[in-house]
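Working notes, beginning with the structure itself.
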Amino acid sequence: MGALGTPFLLDDGSGTLGGLVLYACVVLAGTGAIYAYRGWPSLLAVSFVGGWSVLLAGFWSAPSPTTGRYPEDLVALQLGVSFAWLLFWLVPTLREALRARYPAALPSPANAFVGGGVLAHATSVSSPLVALAFTQAIWQPASGVLGSVALAAAALYALAALALRRLEGTHIQSASLSFTQALVALLLLTISMVLVLDGDALLFALAAEAAVLHAAARRISSRVLSFEAHVLWAAVAVWVCGRLLIGLLVGPFPGSLPAPFLGAASLTDLAVIVLAFLSSRELSPRGATSTYRALAHAAVLAWLARELLPLPYGETWALLSWAFYAVALHLVSRRLPRGGTGEVAHVVSAAVAVWLGARLVGGTLAPGYPGAPIFNAQGLADLAVIALLALAGLLPGAVSPRRLARVYGLAAHAAFLAWLWRELSMPPGGEAYVTVAWGSYAVALLVAGLRLDRVSLFRAGMTTLFLVVGKLFLVDLASIEAVWRVLLFLGFGALFLALSFYTRSLWRPGRNGPIPGSEES
């Protein structure tokens, strides 16, 4: 350190930056040679701090009236930075690699404050970062130029990793020098991508790199690689989350609206989500799998909403897409019961049910929504959502545990009744139409329950009939014309009489036991 500081102590103002850099490089070459022979960690540490400090002091010591630095000074300083980088990278790395192979020829000094191997790893990682920072400060190049420099350095470190791998053997170890060189190459590659790429290309490149890191970490059981992959995915997740939230709250695209799902941003986000699903299969620890998949599923829902909401009837199409996604998750959970797919399917189904319920209640309280009764796009889409909820409950094994299938069936049943009320109560005399529709639906459930010997359908039909009777007395008597009241009461009276006569002939008993209310029950 004293030798490196000598030029500053003897400086009389007549020296040049090139001379300072040359002197520093000569001193560093000497200390590097001594370290290569003796292996003193303290000498390497002092040389590292002192060498970079001298170069930093030299950077601020050569002012120019116009540019702040003379061109020849910049070239000399860059040469000194390159020399220091190569010295602090190659000398410790090669010494430790050779010492591991020939321990008798290059012994480690006793009572060292830190091992030479630790310093070799540290200087391998820090030297290129410091050199890149100096290069940026000296030349202030465009980001693409500095990215190309980082990419070239990454290639050098990758080649060094391959060379050291041959010296160390065939087995990859996280503590090996070759592994450290590979990590530095990966770090420089990431920096290069950040500097060269932008927008969608950068987002996809970072996601792809994180996915590859997870696969490599699982293959070689490396916690370091796994940690780096988690860090990259965290950055990607924040980026994608911001894009989706901005698209939902502000608007997904500036200017004219492109076709949904086909824009570059849309396809990039979808590709990143797919990579997240693929990465969840390679995670370490395995407990992170559910977190990755839950975030990916949430991103899918937000992506669908962002793409569809700006369209005409966008809310309707977004709700329908969520319902299809929920059913798809239920079907996937039948094949892949692990990984939390079934739980996510229940959460998505609950969100769909709440969203649909708000639309049905809103349409009931605000007559005229969503438009012409029965034959309007929004009404038919809501009916499709109800059918999808019912399908999830009816498919064998789609909903697990099985007792939740009844919850799905009851939700679909109640939603269908509310849908009929919303759609048929719009025109004049609509309450009568609602009552007729409810009664017909109840009879259909009763007949289906008897023919299929399904107690749940029979009970749903009976409950709906009692609901129809309650509506007749509590609503229809006060809200519809007298002729409708007479026809409804006569019609339902005849219906109940017919059911009492034909129940036994319609029933097809099977393994489910007697129908409640029959003589055998």
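Take any residue in the sequence shown, count from 1 to its spot, add 7: that is its number in the working numbering. In this text, a Cβ means the ideal position worked out from N, Cα and C, and glycines have one as well.
A352 and A449 have their alpha carbons spaced roughly 29 Å apart. Straight across, the Cα-Cα distance linking L316 with Q147 is about 44 Å. Straight through space, the alpha carbons of E350 and L459 are spaced by roughly 31 Å. Counting along the chain, the unbroken alpha helix (DSSP H) around P99 starts and ends at P78 to R108. For A312, same chain residues with a beta-carbon under 7 Å away, outside a window of 5 residues either side, are L255 and A325 in chain order. Taking the Cα positions, W426 is about 14 Å away from L395. Shown here for L251: same chain residues with a beta carbon closer than 8 Å to its own, the five before and five after excluded, namely D276, A306, A309, W310 and R313 in chain order. Of the residues assessed, L210 falls on the buried side of the cut-off, its CB having 16 or more other CB atoms within 10 angstroms. For the 8 Å CB-CB criterion, I41 and L50 form a contact. Contact between V392 and L363 holds: their C-beta atoms lie close to 5 Å from each other, under 8 Å. Take the alpha-carbon of F268 and the one of L274: they are about 6 Å apart. Straight-line spacing of the CA atoms in A111 and L105 works out to 10 Å. When rounded, the separation of the alpha-carbon atoms in L431 and E235 is 59 Å. A residue is called buried once 16 or more other Cβ atoms fall within 10 Å of its Cβ, and A283 is buried on that count. A distance of 8 Å or more separates the beta carbons of L63 and G87.
When Cβ pairs closer than 8 Å are counted between the two stretches, the region 164-172 is seen not to touch the region 213-227, the count staying below three. In this structure, Q385 is the residue among Y164, G65, Q385 and Y109 with its C-alpha nearest to the C-alpha of R429.
For R45, the enclosing alpha helix (DSSP H) has its first and last residue at L24 to R45. One alpha carbon belongs to L453, the other to M469, and they sit about 7 Å apart.
When Q143, R461 and V191 are compared, the shortest CA-CA separation from A160 is found for V191. In the assembly as shown, V279 is a buried residue. Its beta-carbon has 16 or more other beta-carbons within 10 Å. Note that the C-beta distance between L113 and G58 is not below 8 Å. DSSP places W329 in the uninterrupted alpha helix (DSSP H) bounded by G321 to R342.
The straight-line gap separating the alpha-carbon atoms of Q143 and R342 is approximately 54 Å. A distance below 7 Å between beta-carbons, with the five flanking residues on each side excluded, links E79 to the following residues of its chain, in chain order: G25. Just so you know, the alpha carbons of V56 and W67 end up roughly 17 Å apart.
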